[in-house]
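Colleague: Numbering (my numbering), first residue to last: 347 to 491.
Glycine included, each C-beta is placed from N, C-alpha and C at the ideal position.
One structure follows; several queries about it will come next.
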Amino acid sequence: MSVQQISVFLESQPGHLRRVLDAFEDAHVSVRGYSASDTGDYGIVRFIVDDPERALAVLVDMGAAAATTDVLCARLDDTPGELARVMGIMADCGINVTYSYSLISTYIALSVKDLARAEELLAGEPVELIGQDDLARPLASGEGR
347 MSVQQISVFL ESQPGHLRRV LDAFEDAHVS VRGYSASDTG DYGIVRFIVD DPERALAVLV
407 DMGAAAATTD VLCARLDDTP GELARVMGIM ADCGINVTYS YSLISTYIAL SVKDLARAEE
467 LLAGEPVELI GQDDLARPLA SGEGR
């Protein structure tokens, strides 16, 4: 069992990711998970969405360089050591995990140059800022989804 991941190559500039997300919203594509990696002037954004065919069509219409790949998706228990256990299964069988990221959670981590300014901007918005203490407790059923 696998899911389709869409990878898109974007210039690393303010607003470029936003344009893709706005286009997805306009096309009623829901992002279930994503990972953005900076490679200098450009970045690779990987998406898991509810409708990969529609999302890919949106990206093609935008002229974006995009491709699909099948990836494995698993739900892990929220218990200490569970991620290590699963990664151990892969390693013990000689399977290299080249990258991984989480899905289906409304918690996101953002790497920014001016953390204080970003925090200040979001503090005035209807967004809950999450601290390390918030992550120290297990999620209740359905929370963060």
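Is it true that the stretch 349-356 meets the stretch 413-425, where meeting means three or more beta-carbon pairs spaced less than 8 Å apart?
Modeller: The answer is yes - the stretch 413-425 touches the stretch 349-356, with three or more Cβ pairs under 8 Å.
Colleague: Asp396 and Ser376 look like a contact to me (Cβ under 8 Å); what is the Cβ gap, rounded to whole Å?
Modeller: Position 50 of the sequence shown holds residue 396. Position 30 of the sequence shown holds residue 376. Contact holds; Cβ gap of about 4 Å.
Colleague: Just reading off the beta strand (DSSP E) that His462 is part of, what are its end residues?
Modeller: Within the sequence shown, the letter at position 116 stands for residue 462. The sequence given here places Ala at residue 462; His does not occur at that position. Not the beta strand (DSSP E): Ala462 falls in the alpha helix (DSSP H), residues Leu461 to Ala469.
Colleague: Between the alpha carbons of Gly427 and Ser446, how many angstroms are there, rounded?
Modeller: For the purposes of this step, residue 427 is identified with residue 81 of the sequence shown, where counting begins at 1. For the purposes of this step, residue 446 is identified with residue 100 of the sequence shown, where counting begins at 1. So the alpha carbons of these two residues sit roughly 16 Å apart.
Colleague: Considering Cα atoms alone, identify which of His362, Glu371, Glu399 and Leu422 is closest to Val391.
Modeller: Here residue 391 refers to the residue found at position 45 of the sequence shown. Closest by alpha carbon: His362.
Colleague: Output the distance between the C-alpha atoms of Leu402 and Arg421, rounded to the nearest integer angstrom.
Modeller: Taking the sequence shown and counting its residues from 1, the one referred to as residue 402 is at position 56. Taking the sequence shown and counting its residues from 1, the one referred to as residue 421 is at position 75. Each residue's alpha carbon lies about 25 Å from the other.
Colleague: What are the residues that DSSP puts in a beta bridge with Thr414?
Modeller: Locating residue 414 in the sequence shown gives position 68, where the first residue counts as 1. According to DSSP, which records beta bridges pairwise, Thr414 is partnered with Ile352.
Colleague: Considering only the beta carbon of each residue, do Gly389 and Leu356 sit closer than 8 Å?
Modeller: Numbered from 1 along the sequence shown, position 43 holds the residue referred to as residue 389. Numbered from 1 along the sequence shown, position 10 holds the residue referred to as residue 356. Yes; because the gap between Cβ atoms is below 8 Å, this pair is in contact.
Colleague: Can you give me the C-alpha to C-alpha distance between Thr425 and Arg431, rounded to a whole angstrom?
Modeller: For this step, residue 425 is matched to residue 79 along the sequence shown. For this step, residue 431 is matched to residue 85 along the sequence shown. Each residue's alpha carbon lies about 10 Å from the other.
Colleague: Which partner residues of Phe393 appear in the DSSP bridge assignment?
Modeller: The residue labelled residue 393 in the question sits at position 47 within the sequence shown. In the DSSP output, where bridge partners are listed per residue, Phe393 has Ile352 and Tyr380.
Colleague: Classify Glu428 as helix, strand or coil using the three-state DSSP reduction.
Modeller: Here residue 428 refers to the residue found at position 82 of the sequence shown. Helix, per DSSP.
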